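*Asks:* Structure provided below as structure tokens; questions to follow.
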Amino acid sequence: ALSHKVLIIGGGAAGISTASSMLKREPMLDIAIVEPSPSHYYQPGWTMVGGGVFKAPVTCRPMADVMPDRVKWIRESAASFQPANNTVTLSDGTTITYEMLIVAPGIRLAWEKIEGLAETLGKNGVTSNYRFDLAPYTWDLVRNLKSGRALFTQPPMPIKCAGAPQKAMYLSCDTWEHNGALPNIDVEFHNAGGVLFGVSAYVPALMEYVDRYGIGLNFGSTLVAVDGPSRKATFKTEAGEVTRDFDMIHVVPPQIAPEFVADSPLAGDAGFVDVDKFTMRHVKYPNIFGLGDAGSMPNAKTAAAARKQAPIVAVNALSVLNGGEPVADYDGYGSCPLTVEKGRIVLAEFGYDGKLLPTFPKWIIDGTRPRRLSWLLKSEVLPWVYWNGMLKGHEWLVKPHEKQDH
Ligand code: FAD
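Here's what the structure looks like:
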């Protein structure tokens, strides 16, 4: 049977960063990553693709290029976990033994939960920035729409990048404001949740843009069906089902834990990898850690969160491998750069319990206000930091937090 000292499931933002972070500390460590995809995506860039700011190819690189040199890449998907035996079984039936398991396969987009959606995605005015191949279609629709109705939807939590549904909407409105179409376009936001953004400090700035663009807000309105050919969307609301005609609709799909995690002994109640929210160590299995979108921690599921989590998991897992206990705590940091217009961003950065955790002092960037410098960060700096810093294990601006008493 195959055997590796450290086995990582998922070569996304979290998995690659954790491997690099561990290798920075122990260069000879034996690490394997199980990852079936030939491509690695910078998903935060997809909002910019849908807004016509980035071209899609800049958000994608061959997986081989981001895989750390000293990591063994296993090009398969993981299918099941046997934590009592310290083994993982792959979809081709191979079994791999590990000393330390790190689980980071992300969250699954459940397109099939919305009736009629899968067959009409990418045509009939139905799009989503949540897929690499569809984000360019968002931009096609937006720049060609001159009048009519545009719908933007947000499913129930949890989702990755909870701000992304409205980012797509604001960037679209910005385009229509500039080309003069906005007065002829009826824009509606349909949010399954009850608030515009979960951390209230950012809501006033967002509301200014909702008013400026004339957006109709609908809370407690959950998309349940899309009829592409007749361009109708059906929402479940407290008052019953509501059907709206549309010229374009930007859909954010419901999101759930991957089945092979949810159906395993590793899962907690909601199906995600059941870890301590501070140390990221599994609550039952001391030689398993979980991070990224697949983790049970109640942080905002973002690449920014993974950037902070990776070094914490790295130092904690190394400590456990060397016979010790976890030595660092994660504070729940996540970030959501809300693209309220082309050229300005409301830079939400917060941790557990909605505590604001700004990276910069207020006089440099006030995260609760739309700022040009925040746009520069999102459009120029962060993609570079992602590819050249985070994925390579350079922990600029990140210090693993010391253990705290809780
Ligand atoms: P992912 O990066 O999704 O990686 C998961 C990996 O696991 C994938 O490579 C996948 O192929 C692999 N995998 C899946 N199943 C298996 C299996 N069975 N076996 C092995 N491997 C498997 N974050 C921000 O910080 N800022 C933003 O502005 C932002 N905007 C976003 C906008 C959009 C439209 C989207 C979609 C996301 C956005 N995010 C943003 C969120 C961010 O992309 C994710 O939170 C981040 O990628 C999570 O990292 P991850 O490694 O947990 O998951």
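Per the UniProt record's numbering: the sequence shown = residues 4 to 409.
The C-beta atom is built at its ideal place from N, Cα and C for all residues, glycine as well.
Computed from a predicted model, the values in this text were never measured in an experiment.
Using the rule of at least 16 other Cβ atoms within 10 Å of the residue's Cβ for burial, across every protein chain shown, is Val245 buried or exposed?
*Replies:* Position 242 of the sequence shown holds residue 245. Val245 comes out exposed.
*Asks:* Less than 8 Å separating the beta-carbons of Phe200 and Leu209?
*Replies:* If you number the sequence shown from 1, residue 200 lands on position 197. If you number the sequence shown from 1, residue 209 lands on position 206. Cβ atoms of Phe200 and Leu209: closer than 8 Å.
*Asks:* Would you say Pro39 touches the ligand FAD, meaning its beta carbon is less than 7 Å from a heavy atom?
*Replies:* Translated into the one-based positions of the sequence shown, residue 39 becomes position 36. Yes, the ligand FAD has a heavy atom inside 7 Å of this Cβ.
*Asks:* When burial is assigned at 16 or more other CB atoms within 10 Å of the CB, is Val278 buried or exposed?
*Replies:* As a working note, residue 278 is residue 275 in the sequence shown. The residue in question, Val278, is buried, as its Cβ has 16 or more Cβ neighbours within 10 Å.
*Asks:* How many whole angstroms separate the CB atoms of Leu385 and Gln169, which I take to be in contact at a CB cut-off of 8 Å?
*Replies:* Locating residue 385 in the sequence shown gives position 382, where the first residue counts as 1. Locating residue 169 in the sequence shown gives position 166, where the first residue counts as 1. Rounded to whole angstroms, the Cβ separation of Leu385 and Gln169 is 19 Å, and the two are not in contact under 8 Å.
*Asks:* Below 7 Å, is the gap between the Cβ of Cys164 and the nearest heavy atom of the ligand FAD?
*Replies:* Against the sequence shown, residue 164 aligns to sequence position 161. Under cutoff, so the answer is yes.
*Asks:* Use the C-beta contact count for Met31: other C-beta atoms within 10 angstroms, 16 or more gives buried, fewer gives exposed.
*Replies:* Stepping through the sequence shown from its first residue, residue 31 is reached at position 28. Answer is exposed; the Cβ neighbour count stays below 16.
*Asks:* Can you list, in chain order, the residues of its chain with a C-beta nearer than 6 Å to that of His285? Leave out the 5 residues immediately preceding and following it.
*Replies:* Along the sequence shown, one-based indexing puts residue 285 at 282. Contacts found: Val278, Ile291.
*Asks:* Could you pull out every residue in the same chain whose Cβ sits closer than 8 Å to the Cβ of Tyr205, ignoring the five residues on either side in sequence?
*Replies:* Taking the first residue of the sequence shown as 1, we reach residue 205 at position 202. Residues Leu341, Val349, Ala351, Gly370, Thr371 of the same chain have their beta carbon placed closer than 8 Å to that of Tyr205, with the five preceding and five following residues left out of the count.
*Asks:* Take Ile12 and list the residues in its own chain whose beta-carbon comes closer than 6 Å to its own, dropping the five residues that flank it on each side.
*Replies:* On the sequence shown, position 9 is the one that residue 12 refers to. Closer than 6 Å at the Cβ level, and outside the excluded window around Ile12, lie Val37, Ala81, Val106, Pro108.
*Asks:* What are the start and end residues of each continuous alpha helix (DSSP H) run of 4 or more residues lying completely inside the stretch 157–237, in chain order?
*Replies:* For the stretch 157–237, whole alpha helix (DSSP H) runs of length 4 or above, ordered along the chain, are 167–182, 206–216.
*Asks:* Mind checking which residues open and close the beta strand (DSSP E) that includes Glu347?
*Replies:* The sequence position of residue 347 within the sequence shown is 344, counting from 1. The identity of residue 347 in the sequence shown is Arg, whereas the question assumes Glu. 347–353 is the extent of the beta strand (DSSP E) around Arg347.
*Asks:* Return the CA-CA distance between Ala16 and Thr237, expressed in angstroms with no decimal places.
*Replies:* Taking the first residue of the sequence shown as position 1, residue 16 is located at position 13. Taking the first residue of the sequence shown as position 1, residue 237 is located at position 234. For Ala16 and Thr237, the distance between alpha carbons rounds to 34 Å.
*Asks:* CB-CB under 7 Å to Asp296, same chain, minus the five flanking residues each way: which ones, in chain order?
*Replies:* Walking along the sequence shown from the start, residue 296 turns up at place 293. Cβ within range, chain order: Gly109, Ile110, Lys163, Lys304.
*Asks:* At the level of alpha carbons, what is the spacing between Lys75 and Met172?
*Replies:* Taking the first residue of the sequence shown as 1, we reach residue 75 at position 72. Taking the first residue of the sequence shown as 1, we reach residue 172 at position 169. Going by the C-alpha atoms only, they are around 41 Å apart.
*Asks:* Rounded to whole angstroms, what's the CA-CA distance from Tyr389 to Gly243? Just pull it up for me.
*Replies:* The residue given as residue 389 occupies position 386 in the sequence shown. The residue given as residue 243 occupies position 240 in the sequence shown. Near 44 Å, if we compare the C-alpha coordinates of Gly243 and Tyr389.
*Asks:* Report the option in Lys27, Glu241, Cys63 whose CA atom is closest to the CA atom of Trp387.
*Replies:* On the sequence shown, residue 387 is found 384 positions in, with the first residue counted as 1. For Trp387, the nearest C-alpha among the options comes from Cys63.
*Asks:* When the Cα of Pro257 is compared with those of Asn194, Lys406, Val52, Ser24, which residue comes out closest?
*Replies:* The residue you call residue 257 lines up with position 254 of the sequence shown. The shortest C-alpha separation from Pro257 is found at Asn194.
*Asks:* Find out if the Cβ-Cβ distance for the pair Leu120, Leu137 is shorter than 8 Å.
*Replies:* Along the sequence shown, read from residue 1 onward, the residue named residue 120 stands at position 117. Along the sequence shown, read from residue 1 onward, the residue named residue 137 stands at position 134. For Leu120 and Leu137, no; Cβs fall outside 8 Å.
*Asks:* Does any heavy atom of the ligand FAD sit closer than 7 Å to the C-beta of Lys304?
*Replies:* The residue labelled residue 304 in the question sits at position 301 within the sequence shown. True, at least one ligand heavy atom lies under 7 Å from that Cβ.
*Asks:* Taking only the alpha-carbon atoms, compute the straight-line gap between Ile368 and Val343 and give it to the nearest angstrom.
*Replies:* Within the sequence shown, the letter at position 365 stands for residue 368. Within the sequence shown, the letter at position 340 stands for residue 343. If you take the alpha carbons of Ile368 and Val343, they lie about 15 Å apart.
*Asks:* Regarding Cys339 and the ligand GTP, is the C-beta to nearest heavy atom distance less than 7 Å?
*Replies:* Absent from the structure shown: the ligand GTP. Ligands present: the ligand FAD.
*Asks:* Do you know how far the Cα of Val330 is from the Cα of Asn319?
*Replies:* Walking along the sequence shown from the start, residue 319 turns up at place 316. Walking along the sequence shown from the start, residue 330 turns up at place 327. Their backbone Cα atoms lie some 6 Å apart in a straight line.
*Asks:* Please list the segments of the alpha helix (DSSP H) lying wholly inside the stretch 60–131, counting only runs of 4 or more residues, in order along the chain.
*Replies:* 66–69, 120–123
*Asks:* Are there 16 or more other CB atoms within 10 angstroms of the CB of Glu398, so buried, or fewer, so exposed?
*Replies:* Taking the first residue of the sequence shown as position 1, residue 398 is located at position 395. Answer is buried; the Cβ neighbour count reaches 16.
*Asks:* Does the Cβ of Gly354 lie closer than 7 Å to at least one heavy atom of the ligand FAD?
*Replies:* Translated into positions along the sequence shown, residue 354 becomes position 351. The answer is no for Gly354.
*Asks:* Using only CA atoms, which one of Arg215, Asn89, Ser150, Leu324 lies nearest to Pro187?
*Replies:* Counting from 1 along the sequence shown, the entry for residue 187 is found at position 184. The sequence as given places Asn at residue 187; Pro does not occur at that position. The shortest Cα separation from Asn187 among Arg215, Asn89, Ser150, Leu324 belongs to Ser150.
*Asks:* Per DSSP, Ser150 forms a beta bridge with which residues?
*Replies:* Sequence index remark: in the sequence shown, residue 150 carries index 147 (1-based). Ser150 is not bridged to any residue.
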